[in-house]
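Enquirer: The following block contains the structure, expressed as structure tokens.
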Amino acid sequence: MATLRAGGSAVDAAVAMMLVSCAAETIFTGLSGGGFATVVDAASGEVTCVDFFVAVPGLDGTSPGSGTAIEVTFVGQQIPYEIGPATVAVPGVPAGAHHLWRRWGRLPWDEVVAPGLQASYGTPLPRTHADLLPVIAPAMCVGDGLQVYCRPDGTLLRAGDRLQHRDHHHAYHLLAEDPDAFYRGAYAEALVAAVADGGAISADDLAAYRVRESEPRQVEFDHFRVHARGDDLDDLLGTLERVAHQVPGDPTTDPASALGLVDALRGLDRRAETTNVVAVDGDGNACALTTSLGLGSGVWVPGYGVHLNSMLGEGELIRNALDPGARMGSMMSPLVALDSDARPVAAAGAAGGSRIRPALLQVLVRMLRGAAPQDAIDAPRLNALPNLVRTEPGFSPEVLAALGRGSRVAVAAGRDPYFGGVSAISTRGGGADPRRDGSVALL
């Protein structure tokens with residue numbers, strides 16, 4: 000909000016929000032994570048996808064050792080997971096933030112970093128984060144995380160408690176002064192040393208990291224064209240094409256539309272955590288941006304308060320050979336929708352790992368069919384697994400009966416973070432997800 004008021008662009012605002020989230024939402028994201036952005040440049044009409052996701056280490060020939068296996072129970076399901084130095088991939092957030100600003104920013108760089116720097120001194124822990132913390136404590140409460148996520152008496156932080164990483168402000172000061180220092184210099188040396196016992200990141204890996212730009216893939220939905228990266232692991236745009244034909248009505252009340260949505264979404268239920276932000280400025284520029292840390296490796300960069308990512312420990316992201324220098328796969332897919340005159344009518348993204356696709360699609364379809372963003376976000380959601388459909392309350396008895404004839408149906412007790420967190424802006428306003436304590440501000 001303050002960034003836009005100061006004359007910043009949509010990208011300035013999105014980057015500033017991302018850097019705040021890297022300090023205030025550290026159970027989901029952080030400076031050692033990676034991400035993607037989809038940017039609309041109103042002056043040129045160009046839409047660009049920016050890839051700053053994590054890269055596979057090992058360019059110097061080093062192979063990672065074994066990770067430490069932990070069990071994370073999520074929605075009653077035990078999910079094997081690994082943490083430790085061997086799970087740390089080459090971070091992309093610092094490079095990505097600076098690249099986005101250099102390409103589309105207006106404000107001085109230090110002003111864009113300033114809100115994140117302020118947040119690095121501590122923020123209240125949101126309620127949904129406090130609710131999730133017991134589930135992910137095996138990954139978070141390791142090493143420095145014991146002091147970060149636990150009270151002095153050893154119990155976990157509660158909603159409203161102060162979340163602060165010791166020395167985190169040093170990383171933000173460094174980011175404001177010299178973003179390249181995260182890939183060369185004292186910070187880079189400290190990172191390499193932190194993962195030396197079993198990790199594969201070397202100075203070569205950090206020095207070789209580059210942000211990538213590409214043209215987005217696009218599909219037509221009704222009278223709009225939806226743009227997003229085309230290589231996400233869950234094929235969001237391909238699913239959107241199916242939804243256009245199979246979901247003619249409201250899935251919460253129309254059994255045929257609900258069954259069509261389930262058929263379009265069928266896929267494995269995989270786990271990861273992410274954070275998403277969207278911004279549109281007065282000139283019509285738009286930026287949707289999603290980042291992730293994984294659950295975190297339990298390895299911290301001493302002197303900087305940065306919790307390193309655990310992407311190499313996330314089995315859901317490993318579907319191909321891990322060649323050193325290659326990008327890891329991801330479900331993240333921030334998107335923008337343009338009208339027939341190539342003007343942005345919506346920008347959106349979602350957090351929630353494998354629930355990114357169902358959450359984002361259900362919200363987007365509602366928005367493109369006339370719903371205000373907040374109404375679309377607040378509407379009940381479902382997620383379709385191979386032999387199970389999970390829903391939030393609010394689906395009609397007729398819909399639940401129709402779903403139950405082909406699958407087991409589990410109805411959650413209320414709105415739940417499991418169903419993802421969406422943030423969105425359209426010509427009808429903005430919306431943020433109460434499932435993850437999201438917020439929205441309009442000028």
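Quick note on numbering: numbering that gives the first Met the number 0 labels position 340 of the sequence shown as 339, and the sequence is numbered without any gaps.
Glycine included, C-beta positions come from ideal geometry on N, C-alpha and C.
Just so you know, these numbers come straight off a predicted model, no measurement behind them.
Determine the burial state of R407: buried for a count of at least 16 other Cβ atoms within 10 Å of its Cβ, exposed for fewer.
Expert: It counts as exposed.
Enquirer: One question on the structure: do A431 and A346 come within less than 8 Å of each other, judged by their Cβ atoms?
Expert: For A431 and A346, no; Cβs fall outside 8 Å.
Enquirer: Are I200 and V210 close, meaning C-beta to C-beta below 8 Å?
Expert: Not closer than 8 Å, so no.
Enquirer: Where does Y120 sit, in a helix, a strand or coil, going by DSSP?
Expert: The answer is coil: DSSP assigns Y120 none of H, G, I, E or B.
Enquirer: Counting only the same chain and skipping the five closest in sequence on each side, list residues whose C-beta sits under 8 Å from that of H222.
Expert: Here the set comprises D338, S339.
Enquirer: Of the choices G413, V305, G429, whose alpha-carbon is the least far from that of I376?
Expert: Of the candidates G413, V305, G429, the one whose C-alpha sits nearest the C-alpha of I376 is G429.
Enquirer: So, using beta-carbon positions, are R183 and L205 closer together than 8 Å?
Expert: Contact flag set, yes.
Enquirer: From the DSSP output, which residues share a beta bridge with N275?
Expert: N275 is bridged to T289.
Enquirer: Determine the burial state of L145: buried for a count of at least 16 other Cβ atoms within 10 Å of its Cβ, exposed for fewer.
Expert: By the neighbour-count rule (16 or more Cβ atoms within 10 Å), L145 is not buried but exposed.
Enquirer: When the Cα atoms are used, what is the spatial distance from G348 to R150?
Expert: Whole-angstrom Cα-Cα distance: 33 Å.
Enquirer: Check whether the region 280-296 touches the region 170-187, taking contact to mean three or more Cβ pairs, one atom from each stretch, closer than 8 Å.
Expert: Counting Cβ pairs under 8 Å, fewer than three are found: no touch.
Enquirer: Decide if the region 79-90 is in contact with the region 12-25; the criterion is three or more beta carbon pairs, one per stretch, under 8 Å apart.
Expert: No contact exists between the region 79-90 and the region 12-25.
Enquirer: Among the candidates E176, L116, L131, whose CA atom is the shortest distance from the CA of H164?
Expert: Here the closest residue by C-alpha is L116.
Enquirer: With DSSP as the reference, label D268 as helix, strand or coil.
Expert: Caution is warranted here: a pLDDT of 46 is assigned to D268, below 50, making its placement in the model unreliable, and no coordinate value can be reported.
Enquirer: Since Y80 sits in a beta bridge, which residues does DSSP pair it with?
Expert: DSSP, once it has assigned bridges, lists I69 as partnering Y80.
Enquirer: Return the residue from the list V10, G29, A9 that minimises the CA-CA distance to L18.
Expert: Of the candidates V10, G29, A9, the one whose C-alpha sits nearest the C-alpha of L18 is G29.
Enquirer: Would the beta-carbon of P215 fall within 8 Å of that of C48?
Expert: Yes. Within cutoff.
Enquirer: Are there 16 or more other CB atoms within 10 angstroms of the CB of E313, so buried, or fewer, so exposed?
Expert: Buried is the call here.
Enquirer: Could you pull out every residue in the same chain whose Cβ sits closer than 6 Å to the Cβ of A193, ignoring the five residues on either side in sequence?
Expert: Around A193: V298, V300.
Enquirer: Label E70 either buried or exposed according to how many other C-beta atoms from any shown protein chain fall within 10 Å of its C-beta, with 16 as the threshold for buried.
Expert: Looking at its Cβ environment, which holds fewer than 16 other Cβ atoms inside 10 Å, E70 is exposed.
Enquirer: Does V421 come out as helix, strand or coil in the three-state DSSP assignment?
Expert: Here V421 sits in strand by DSSP.
Enquirer: Quick one: is H447 buried, meaning 16 or more other Cβ sit within 10 Å of its Cβ, or exposed?
Expert: Nothing about residue 447 can be read from this structure; the chain reaches only from 0 to 442.
Enquirer: Would you grab the beta carbon distance between D254 and A136 for me? Rounded to a whole angstrom, and I think it's under 8 Å.
Expert: First, the residue type needs correcting, since residue 254 is Pro and not Asp in the sequence shown. Contact doesn't hold; Cβ gap of about 40 Å is too wide.
Enquirer: Return helix, strand or coil for A346, following the three-state DSSP convention.
Expert: It is a strand residue.
Enquirer: Taking the C-alpha atoms as reference points, what is the distance between L162 and T251?
Expert: Near 38 Å, if we compare the C-alpha coordinates of T251 and L162.
Enquirer: Would you report the Cα separation of T426 and A41, rounded to the nearest angstrom?
Expert: Their backbone Cα atoms lie some 15 Å apart in a straight line.
Enquirer: Check the DSSP bridge columns for Q217 and list the partner residues they point to.
Expert: Answer is H226, bridged to Q217.
Enquirer: Less than 8 Å between the C-beta atoms of A36 and P333, yes or no?
Expert: In contact: A36 and P333 (Cβ atoms closer than 8 Å).
Enquirer: Which value, in whole angstroms, describes the spacing of the CA atoms of T2 and T61?
Expert: Taking the straight line from one Cα to the other gives about 42 Å.
Enquirer: Do P379 and E397 have their beta-carbon atoms positioned less than 8 Å apart in this structure?
Expert: For E397 and P379, no; Cβs fall outside 8 Å.
Enquirer: Are the beta-carbon atoms of G304 and A350 separated by less than 8 Å?
Expert: Going by C-beta atoms, G304 is not nearer than 8 Å to A350.
Enquirer: Note down, in chain order, each residue of its chain lying with its Cβ closer than 6 Å to the Cβ of A411, except the 5 sequence neighbours on either side.
Expert: The answer, listed in chain order, is E391.
Enquirer: So the alpha helix (DSSP H) E188 belongs to, where does it begin and stop?
Expert: Per DSSP, E188 belongs to the alpha helix (DSSP H) from 185-193.
Enquirer: Given this structure, state the Cα-to-Cα distance separating V335 from L258, to the nearest angstrom.
Expert: C-alpha separation (whole angstroms): 26 Å.
Enquirer: By DSSP, does L442 sit in helix, in strand, or in coil?
Expert: Note that L442 has pLDDT 45, beneath the 50 cutoff, so the model's placement of it is unreliable and no number is given.
Enquirer: For A68 and P125, what's the separation of their Cα atoms in angstroms?
Expert: Spanning the two alpha carbons is a distance of roughly 28 Å.
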